[in-house]
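Colleague:
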Amino acid sequence: MLRRHEPWSACGLHGHVANYSLRPIMIGKGRSQSLLLRRGEPSKLVVLSASDQQATSVGTALTSSKPPAETAGKFEITLRGVEALQSVRLGLVPMGKGQAVVVTEVAEGSAAEQLGVRRGQKLNALSDPMRYGTMWNLEDRPSLKFVVDTFKMRRSSPIDLEFEPMMSAADMDAIFGSTTASRTRDGSGDEAGEEGSTAAGGTAAASGGDSGSGSRALDMSPDNALGSLSSIDQMLGSGSGSGSDAENETIGERLAAKYAAQQRARIAVNEVQKRIDRRKAYMEIDEQRDDTGLLLGLAAAFLLPALIILVIAYFTGYLDRLYLTALTLR
């Protein structure tokens, strides 16, 4: 039977120790040591200090119910690749002459949030996908594809990430939009998807059941009308513009701009393809051209007059007279 005094006091604790003649035993190593007070009977009491109750490993930090305080400087965390893929969204923002990778959204209650990852923090470095323990610093021209591929390569393995605060909430809202508005759209979209599926014939619309699956709500709700509109916004790249421009533009205007850009790219590709086709046609003409007739005509133009003159001189006896004249001159 466990005896517990609420709240713990010095008098209560000393009295408890005096009455039951507890024997102190230290168990564990380092910061994980705890004091086990044991008496002769099977009942026992464990007293842990406040510092010993803090997280001493990634696993302990992941089980913490309250997120840590805001981190002022650089800090490193350790996650699994699948957790990073599911709970953290990243984006690019201009920094100096290059760009920086920042956190645009963190899933509520996720391991990343409990470890101190917040919106607006900059990703400075991550561990090598092949050699764990070696950190790769992201230079002024980072690649989101490289970061995502690293998460995928270490999907079931730990990966070290280094963050530091960079942008304020107002700046993030101006660039990527407010997270509250996006969550409201996702929630209302789930309700609309469920009502539409019930009216259509009882087709169940999938919706995110927990906070960890909130980042994949669009993928899990294919019949969600508002979710499809959000996916169109992502396809058009509306997040890269300012928040005011994104609110003023309609879906039709964005689609028209996207179509015009595709048409311009298609025209440019068509012009290049036309030049390539012309060059191929010239090469085919060169290969199919036969210059035999031209060469024979040139040869005949030089040889035929001489042959004609020689034949006429032979039949008229001019050659014989030339021969006799040559003999008399000797």
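Going by full-length UniProt numbering, 126 is the number at position 126 of the sequence shown; the sequence numbering is gapless. All C-beta atoms in this analysis are idealised placements derived from N, C-alpha and C, irrespective of residue type, glycine included. Quick caveat: nothing in here was measured; it's all calculated off a predicted structure.
Just confirm the distance between the C-beta atoms of Ala100 and Pro142, as a whole number of angstroms; I'd bet it's less than 8 Å.
Modeller: Confirmed, Cβ separation roughly 7 Å.
Colleague: Please classify Ser127: is it buried, with 16 or more other beta-carbons within 10 angstroms of its beta-carbon, or exposed?
Modeller: Classification for Ser127: buried.
Colleague: Out of curiosity, what's the CA-to-CA distance linking Val272 and Asn124?
Modeller: If I take the Cα positions, the gap works out to 41 Å.
Colleague: Is the CB-CB distance between Val102 and Met166 below 8 Å?
Modeller: A contact, by the Cβ cut-off of 8 Å.
Colleague: When the Cα atoms are used, what is the spatial distance from Ile285 to Thr325?
Modeller: Each residue's Cα considered, the two are about 57 Å apart.
Colleague: Can you tell me which of Tyr132, Gly293, Val117 puts its alpha carbon nearest to the alpha carbon of Ser156?
Modeller: Comparing Cα-Cα distances from Ser156 to each of Tyr132, Gly293, Val117, the minimum goes to Tyr132.
Colleague: Give me the residue from Pro158, Val311, Leu296, Phe315 with the minimum Cα distance to Ile77.
Modeller: Here the closest residue by C-alpha is Pro158.
Colleague: Since I believe Gly116 is in contact with Phe75 (beta carbons under 8 Å), could you give me their beta-carbon distance rounded to a whole number of angstroms?
Modeller: Their Cβ separation, rounded to whole angstroms, is 6 Å, which keeps Phe75 and Gly116 in contact under 8 Å.
Colleague: Can you tell me whether DSSP reads Gly317 as helix, strand or coil?
Modeller: If DSSP states are grouped into helix, strand and coil, Gly317 belongs with coil.
Colleague: Under three-state DSSP, which class holds Leu138?
Modeller: Correct three-state label for Leu138: coil.
Colleague: Could you tell me if Gly177 is buried or exposed, where buried requires 16 or more neighbouring beta carbons within 10 angstroms of its beta carbon?
Modeller: Gly177 should be labelled buried.
Colleague: Count the other C-beta atoms from every protein chain shown that fall within 10 angstroms of the C-beta of Ala112, then say buried if there are 16 or more, exposed otherwise.
Modeller: Result: buried.
Colleague: I'd like to know whether the C-beta atoms of Phe163 and Lys122 end up nearer to each other than 8 Å.
Modeller: The answer is yes: Cβ separation under 8 Å.
Colleague: With C-beta atoms as the reference, is Leu144 less than 8 Å away from Leu79?
Modeller: No, they are not a contact pair.
Colleague: Can you grab the Cα-Cα spacing for the pair Lys258 / Met130, in whole Å?
Modeller: Rounded to whole angstroms, Lys258 to Met130 spans 39 Å at the Cα level.
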